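So for the sequence shown, our numbering puts the first residue at 21; every next one is plus one.
The beta-carbon is built from N, C-alpha and C at its ideal position, and this holds for glycine as well.
Quick caveat, the model's predicted, so the values are computed rather than measured.
The structure appears below as structure tokens.
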Amino acid sequence: MRFDILVRTCARVEAFTGRPRFIAVPKQELLLRCLHSLILSINACLQAYRAFEISLTVLDDHSDPQTVRRVRSLLGTAQVPTRFLTLAGTGNGQSLLENYEYARNHCPDLIYFCEDDYLHDRIAITEMLQTYDLLQPSFPNGLALHPCDYPDRYLAPYPSYIYLGSTRFWRTILHTTGTFAITNAVLRRYYEHYLAFTRYGIDPTISEDNSINRVYREVPCISPLPSLAIHLQYVHTLSPFVDWQAWWEAAQVPEPVQ
């Protein structure tokens with residue numbers, strides 16, 4: 021079975037919302053460290069769990085040449101097939117659209133859609149794949165994975181089922197960001213909801229709640245306790261009980277050879 025990871029990158033935009041991030045570093049550094057953490061997690065998975073054929077594709081929204089060179093250099097450290105694609109269009113909506121179209125046509129099995137500001141734990145990919153293999157047979161309609169445990173889920177709590185994963189518990193959730201893993205079959209079955217999500221930020225009536233979150237009414241989505249990835253956006257999006265600074269230091273990117 022294949023596991024295709026698609027990462028959308030854009031070094032030109034500091035944050036999609038326009039609000040400054042809590043971590044005061046240039047977007048290029050944040051993007052590179054997050055990508056590096058993902059690659060380190062992929063490489064670690066190859067040593068621990070080889071049930072999936074993993075590939076990594078970066079879909080870049082016209083980042084500057086220096087960022088592109090450094091991203092390509094990082095891809096060279098991945099021990100799996102990689103691709104770097106420059107989007108035909110530009111902007112978050114067009115990026116999402118090309119992302120989903122590429123996945124629908126080129127990724128036949130399990131797909132991980134990842135945004136460029138998610139920092140991953142070294143065990144993240146191993147735990148995601150082992151837990152998917154463990155739990156998926158119990159969900160004939162499909163299973164979605166969201167690797168981040170968001171603190172806002174504890175502000176207005178709702179009932180969740182708790183499942184035993186490979187190395188931690190997972191809980192059912194009803195909403196995600198644009199970072200999640202689903203199968204190609206789920207993508208095709210609910211494609212209208214993913215198309216609707218491509219209008220997010222363009223059409224003020226569109227949000228996750230009336231687009232991708234509708235999928236989780238029929239396809240259970242689970243997230244890990246504690247988190248396997250951290251959204252480096254704002255302080256209030258940081259996952260609880262995770263030393264994000266240690267993850268950040270572990271993902272330092274080597275300086276390119278001159």
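Taken in chain order, the unbroken stretches of beta strand (DSSP E) that lie wholly in the stretch 69-137 and span 3 residues or more are 73-80, 102-106, 130-135.
Straight-line spacing of the CA atoms in Gly162 and Gln156 works out to 7 angstroms.
His56 and Val273 have their C-alpha atoms some 7 angstroms from each other. Per the coordinates, the alpha-carbon of Ile250 lies some 11 angstroms from the alpha-carbon of Ala144.
In the three-state DSSP reduction, Pro244 falls in the strand class (E or B). When Leu66, Phe217, Thr187, Leu252 are compared, the shortest CA-CA separation from Pro40 is found for Leu252.
Rounded to the nearest whole angstrom, the C-alpha separation of Ile226 and Ala64 is 38 angstroms.
Rounded to the nearest whole angstrom, the C-alpha separation of Arg219 and Thr197 is 14 angstroms. A straight-line Cα-Cα distance of about 12 angstroms links Arg22 and Pro101. The shortest CA-to-CA distance from Ser243 to any of Glu212, Ile202, Ala266 is the one to Ile202. Leu51 is not a Cβ neighbour of Asp141, given a cutoff of 8 angstroms. Beta-bridge annotation (DSSP): Leu165 is paired with Ala201, Ile242.
In this model, Ala271 and Pro160 are separated by some 37 angstroms (Cα to Cα). In the three-state DSSP reduction, Ala144 falls in the helix class (H, G or I). Where His251 is concerned, the enclosing beta strand (DSSP E) starts and stops at 249-251. With fewer than 16 other CB atoms across the displayed protein chains lying within 10 angstroms of its CB, Ser158 is exposed. By the neighbour-count criterion, in which a residue is buried when 16 or more other Cβ atoms sit within 10 angstroms of its Cβ, His256 is exposed.
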